[in-house]
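Here the structure is laid out as structure tokens; the discussion comes afterwards.
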Amino acid sequence: MLKIAFIAHDRKKEEMVNFVTAYEPVFTDHQLYSTGTTGLRIMEGTSLKIHRFESGPLGGDQQIGALVAQNEMDLIIFLRDPLMAQPHEPDINALLRLCDVQGIPLATNIATAEILVKALDRGDFAWRELVHKYKPEAGVTTGDSE
């Protein structure tokens, strides 16, 4: 069971709902998370249960980012609107950076999302189980100074 997060900017929410609806059977056996309104819209359009955080501008991106920082998220689908300025752009950039640091697969458009979900459906995410199995215990340092 993987932890999957959905985030969508306002003009991408309908696209996200359509996407998740199309792949609902793939998502049913996973723990699902989302920012506020996106999660609500997905739950209204599907039978999926989603843990909803705050909306993005109110800190939802950061709440998901906290899970990423702890390597507790396995896949993020973040349908961004590149043509619209976002008031919480620094939070978005921080989330994208954390995904790169932790090696968390991240789709920022529907084409990449489809490739990742097809891989999920084939079982190509088994490597994430190893990440969790060999994850250092909380409080154990790597020897790096801060």
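Residue 69 in the UniProt record's numbering is what sits at position 69 of the sequence shown, and the numbering runs on without skipping anything. For each residue, glycine too, the CB sits at the ideal point set by N, CA and C.
For residue 102, the enclosing alpha helix (DSSP H) covers residues 89-102. Secondary structure at residue 78: strand, using DSSP grouped into helix, strand and coil. Note on geometry: alpha-carbon atoms of residue 22 and residue 90 lie some 31 Å from one another. Non-local beta-carbon contacts of residue 61 in its own chain, meaning distances under 8 Å to residues more than five positions away in sequence, involve 7, 35, 88, 91, 92, 94 and 95 in chain order.
Nearest to residue 80 by C-alpha distance, out of 67, 46 and 108, is 108. A Cβ-Cβ distance of about 19 Å is found for the pair residue 73 and residue 12, leaving them out of contact under the 8 Å criterion.
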